[in-house]
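Comments concern the structure below.
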Amino acid sequence: MRIKPKYIVFGIVIITIFVFLTNRYAPKPRKFYMSTIQDELAQSSMKIDTLNNLKLFGELGRSFLKDQFGEKSKMVIVFQNFKCSDCIKYVIDVINNYKNKIGSENILLLGKFKNDFDVTKFVKKHKIDMPLFGYSPLKGFELPVDKLNRPYVMITDNTLKPRFIFVPLEEMPERTELFFNFLIKNFSF
Numbered sequence: 737m738r739i740k741p742k743y744i745v746f747g748i749v750i751i752t753i754f755v756f757l758t759n760r761y762a763p764k765p766r767k768f769y770m771s772t773i774q775d776e777l778a779q780s781s782m783k784i785d786t787l788n789n790l791k792l793f794g795e796l797g798r799s800f801l802k803d804q805f806g807e808k809s810k811m812v813i814v815f816q817n818f819k820c821s822d823c824i825k826y827v828i829d830v831i832n833n834y835k836n837k838i839g840s841e842n843i844l845l846l847g848k849f850k851n852d853f854d855v856t857k858f859v860k861k862h863k864i865d866m867p868l869f870g871y872s873p874l875k876g877f878e879l880p881v882d883k884l885n886r887p888y889v890m891i892t893d894n895t896l897k898p899r900f901i902f903v904p905l906e907e908m909p910e911r912t913e914l915f916f917n918f919l920i921k922n923f924s925f
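Taking our numbering, the leading residue of the sequence shown gets 737, the next gets one more, and so forth.
Put into structure tokens, the structure is as follows:
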């Protein structure tokens, strides 16, 4: 018995449509964690011995970075006021979601600002209720991760040695959530 050519063509068309629809509408595995340039720069930033004891300014007055630490570690969010405002907003929103679990007193926001007025303006714009200090871009510290021009989270203590650095990415919220849950479980703030 011979199969007619029109049935063969019809079968090929059906298989092609099935394969096309399966590939197009099948759920794609999400990339939950990717090793990225952000991770590489964060790793190289943690290799430094110590951060500069920066001179800070802001609404809470003037002090030095080392004066902000007691015996316990703190989470320091470092950003550049004039770079990637959407990134800064995202990180502040994330911090606001976790600040009750971490404790506002264990979080320090550190940004490059020109003066006290810029710090005050930033606090009002973003409705920040955590300690925020500025440091002069001319007298700041430069870590390899700063090349990204994105905010990053750093865990450090009174030794000012970075113990952990993470770059939250808005495109990967699950990764950010995993990071903050890891911190809450593994660091005593």
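Each residue gets a CB set at the ideal place from its N, CA and C atoms; glycine is no exception.
Rounding to the nearest angstrom, what Cα-Cα distance links residue i and residue j in this structure?
i       : j       : result
Leu-777 : Pro-909 : 20 Å
Lys-825 : Ile-751 : 48 Å
Ile-828 : Asn-885 : 16 Å
Glu-907 : Cys-823 : 10 Å
Phe-923 : Thr-856 : 31 Å
Phe-858 : Phe-754 : 54 Å
His-862 : Lys-835 : 15 Å
For residue i versus residue j, is the C-beta distance shorter than 8 Å?
i       : j       : result
Pro-904 : Val-814 : no
Ser-809 : Ile-891 : yes
Val-812 : Thr-912 : no
Pro-898 : Ser-781 : yes
Tyr-871 : Lys-791 : yes
Can you tell which of the options has the C-alpha that lies nearest to the C-alpha of residue i?
i       : options                            : result
Phe-800 : Phe-915, Asn-836, Leu-787, Val-881 : Leu-787
Thr-895 : His-862, Asn-789, Asn-922, Ile-920 : Asn-789
Gln-816 : Thr-892, Ser-781, Val-881, Ile-891 : Val-881
Lys-783 : Lys-921, Phe-900, Thr-912, Arg-911 : Phe-900
Leu-845 : Gly-794, Gly-747, Asp-775, Lys-897 : Gly-794
Val-889 : Gly-797, Gln-779, Glu-807          : Gln-779
Leu-879 : Tyr-834, Lys-861, Lys-860, Gln-774 : Gln-774
*the segment 860-872 in contact with the segment 830-843 per 3-pair CB rule at 8 Å*: yes
**Asked** What beta strand (DSSP E) runs, 3 residues minimum, are completely inside the segment 804-849?
**Response** 810-816, 843-848
Query raised in the report: Does the segment 851-859 touch the segment 912-922, meaning 3 or more C-beta pairs lie closer than 8 Å?
Result: no
Within the segment 879-923, ranges of the beta strand (DSSP E) (whole runs, at least 3 residues):
888-892, 900-902
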